[in-house]
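The structure appears below as structure tokens.
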Amino acid sequence: MRVLYVAAEAAPIVKVGGLGDVAGSLPLALKRLGVDVRVAIPWYPEIDALRWQVQENGGVGVTRLGESEVPVYLLARDVFADAGPHKAIAGTKAEETWFSGFCDAVVTFLKDSEWKPEVLHGNDWHVARALSFVERTSRETFSQWGFTHKNLATILTIHNLSYHPKMMKEAILAADVINAVSPTYAKEILTSDYCEGLCEELNARKADLYGILNGIDYGVWSPETDARVSTKYSTVTWKTGKAGNKMALRQKLGLAKEGGMLLGFVGRIDANQKGIGILAEAMDRLVALGSQVVVLGTGDPKYEKRLALVAARYPKNVACILRYDEDLAHLIYAGADALLIPSKFEPCGLIQLIGMRYGTLPIARATGGLSDTIRDGETGFLFTAYSSQGLVGAVERARDMFAAEPVSWEVLVGTGMREDFSWDRSAEEYLRLYERALAKSG
């Protein structure tokens, strides 16, 4: 099967958010299943042609996904000449013009390339114009372009409905098959609380809507091999390993050497999705419970300032690092006892999967992919009410087990570390989705 995987970003070549992680990992897993998968992303000016050994062919840049054998096509260089990834993926109106140009380049690639995909797999609103072009283009046209099979099948993966609803609507109506990045999010987006004004369109496509969980790359996220942590550890040696990382994290951030549970938050300082408002409201009570809290991220200046003031009030118990720091993120995953994930909504989430792998139990709101991946009282702690009280209550439950039932805590840690959220499992589901799309496109 031949699949062209189209996205706005793909790690490690270019990464702005979680989509980059997905686009950098899922194609590798599909390749292992025997799929001839190739990736298409914008040719941003920041992409280092020497580092990625980019070869140009007819205006198309050609490289590989990291050290893999998965080809990556860089398209629409002229369109993005003045728009790097952090500018082009920033929620602005200008994005629609840039990514419409990108979609035009995808269509040109479909026409001119000797390699012809059977499936066009697009991600989020960025691919809307390409999907709608395929939908309205005749089989005869594709035949003239050299496509020897039936119609080109199309798939839309919804990572987040919050941006550019007009173009997202176009993509939803055009794709043969649609999936959200978790089963629960696939159900949630059919309701008014989550559909972002697209309830009618999504419910009209309900029969073609599926939910497939994202995975994580255990080649990157493994405490046994992670070069960024202070002490490597396994499912057998995690207690001593986490103790060493906790000590290193406390020392690095100037926290008290002794304390209760060490809680970590890694993510956007974003009150709309990530729940930073209820976290900020809960901070005094979390410290009163005897916890230490580490916050790493950037975002809303109002909440950045509020969290910085909390850290100044409790310098030995709260650290607030307002920047992007991948090395520190790894150390938090390895050194914290639990991760705080108080999201208002969460299509899938990767933080909880990383946390479980590192023996750092997630304390999360029961929404979207968090509900699908965390088993309350078995691999983490869930709360339902979107409020600081709900968050504090879940932390209290975790603290009580951590302090008074260490054996039970150890069971949860071990269970979480052994969970399988690899991309291989998700890739098998995507392969079945491709088969459905091919059958539907006829």
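Residue numbers (the UniProt record's numbering): 1 to 442.
Idealized CB from N, CA, C, for every residue including glycine.
Task: Closest Cα partner of C396 within the set K93, L289, S143 - done: In the sequence as presented, Cys is not what sits at residue 396; that position holds Glu. Nearest Cα to E396 within the set K93, L289, S143: L289.
Open item on the list: Quick check on the burial criterion: 16 or more other C-beta atoms within 10 angstroms. Buried or exposed for A105?
Closed with: With 16 or more other Cβ atoms within 10 Å, it is buried.
Open item on the list: Checking the sheet assignment: what are the DSSP bridge partners for A180?
Closed with: I158, G211
Task: Under the three-state DSSP convention, the category S422 falls into - done: strand
Task: T63 - partner residues in DSSP beta bridges - done: V72
- [ ] Say whether the region 238-253 touches the region 276-286, bearing in mind that this needs 3 or more beta-carbon pairs closer than 8 Å, one atom from each stretch.
- [x] no
Open item on the list: Considering only their Cβ atoms, is the gap separating A311 from A319 smaller than 8 Å?
Closed with: Yes, Cβ-Cβ distance for A319 and A311 is below 8 Å.
Open item on the list: If you follow the beta strand (DSSP E) that E405 is in, where does it begin and where does it stop?
Closed with: For E405, there is no enclosing beta strand (DSSP E), since its DSSP letter is neither H nor E.
Task: Where V341 sits in the DSSP three-state scheme - done: First, the residue type needs correcting, since residue 341 is Ile and not Val in the sequence shown. Here I341 sits in strand by DSSP.
TODO: Evaluate S138 with the Cβ neighbour count: other Cβ atoms within 10 Å of its Cβ, from every protein chain shown; 16 or more gives buried, anything less gives exposed.
DONE: exposed
Open item on the list: In the DSSP assignment, the beta strand (DSSP E) including D104 goes from what residue to what residue?
Closed with: No beta strand (DSSP E) contains D104, which is instead part of the alpha helix (DSSP H) from 94-112.
TODO: Go to P362, then tell me how far its beta strand (DSSP E) extends in each direction, as first and last residue.
DONE: 361-365
Task: Nearest-angstrom Cα separation, counted from E201 out to T191 - done: 11 Å
Task: Per-residue burial, A81 [other beta carbons within 10 Å of its own, 16 or more giving buried] - done: Answer is exposed; the Cβ neighbour count stays below 16.
Open item on the list: Using the three-state DSSP reduction, which class does E56 fall into: helix, strand or coil?
Closed with: strand
Open item on the list: Report the CB separation of V14 from I41 in whole angstroms; it is logged as a contact under 8 Å.
Closed with: 7 Å
Task: Endpoints, the alpha helix (DSSP H) within which residue 456 is located - done: Shown here, the chain extends from 1 to 442; a query on residue 456 therefore has no answer.
Open item on the list: Which runs of the beta strand (DSSP E) at least 3 residues long sit entirely within the region 259-298? Give them in chain order.
Closed with: 262-266, 292-296
Open item on the list: Whether or not the region 32-47 and the region 59-78 are in contact is what I'm after, with contact meaning three or more pairs of Cβ atoms, one per stretch, closer than 8 Å; do they touch?
Closed with: yes
- [ ] Answer with yes or no whether the minimum CB distance from G211 to chain C is below 8 Å.
- [x] This model lacks chain C altogether, as it is built from one protein chain only.
Open item on the list: If you reduce the DSSP assignment to three classes, tell me which class R32 lands in.
Closed with: Three-state DSSP puts R32 in a helix.
- [ ] Tell me, please, whether the region 48-62 touches the region 125-141 by the rule of three or more beta-carbon pairs shorter than 8 Å.
- [x] no
Task: Residues of its chain near L331, where Cβ-Cβ distance is below 8 Å and the 5 sequence neighbours each way are ignored - done: R228, V229, S230, N245, A248, L249, K252
Task: Whole-angstrom distance between A334 and Y358, CA atom to CA atom - done: So the alpha carbons of these two residues sit roughly 6 Å apart.
Open item on the list: Taking the straight line between their C-alpha atoms, what separation do you get for E326 and A439?
Closed with: 42 Å
Open item on the list: Using 8 Å for Cβ pairs, my map puts G18 next to H159. What's the rounded Cβ distance?
Closed with: 7 Å
Task: Counterpart residues of T121 in DSSP-defined beta bridges - done: This sequence places His at residue 121; Thr is not what is there. Paired residues: Y5, I155.
- [ ] Determine the DSSP secondary structure at I172, reduced to helix, strand or coil.
- [x] helix
Task: Through-space distance from S68 to L28, alpha-carbon basis - done: 7 Å
Task: Cβ contact (3+ pairs, closer than 8 Å) linking the region 293-300 and the region 261-268 - done: yes
Open item on the list: To the nearest angstrom, how far is the alpha carbon of T97 from that of Y163?
Closed with: 14 Å
TODO: Since I believe I216 is in contact with N179 (beta carbons under 8 Å), could you give me their beta-carbon distance rounded to a whole number of angstroms?
DONE: That belief does not hold up - the Cβ atoms of N179 and I216 are roughly 18 Å apart, past 8 Å.
- [ ] Measure the beta-carbon distance from E95 to S132 and round it to whole angstroms, keeping in mind my assumption that it falls under 8 Å.
- [x] Their Cβ separation, rounded to whole angstroms, is 17 Å, which puts E95 and S132 out of contact at 8 Å.
Task: For V54 and D48, the rounded distance between their alpha carbons - done: Cα-Cα distance, rounded: 8 Å.
Open item on the list: The beta strand (DSSP E) that contains L350, what's its start and end?
Closed with: Here L350 belongs to no beta strand (DSSP E), and DSSP marks it neither H nor E.
Open item on the list: So if DSSP puts C320 in a beta bridge, which residue, or which two residues, is it bridged to?
Closed with: V295
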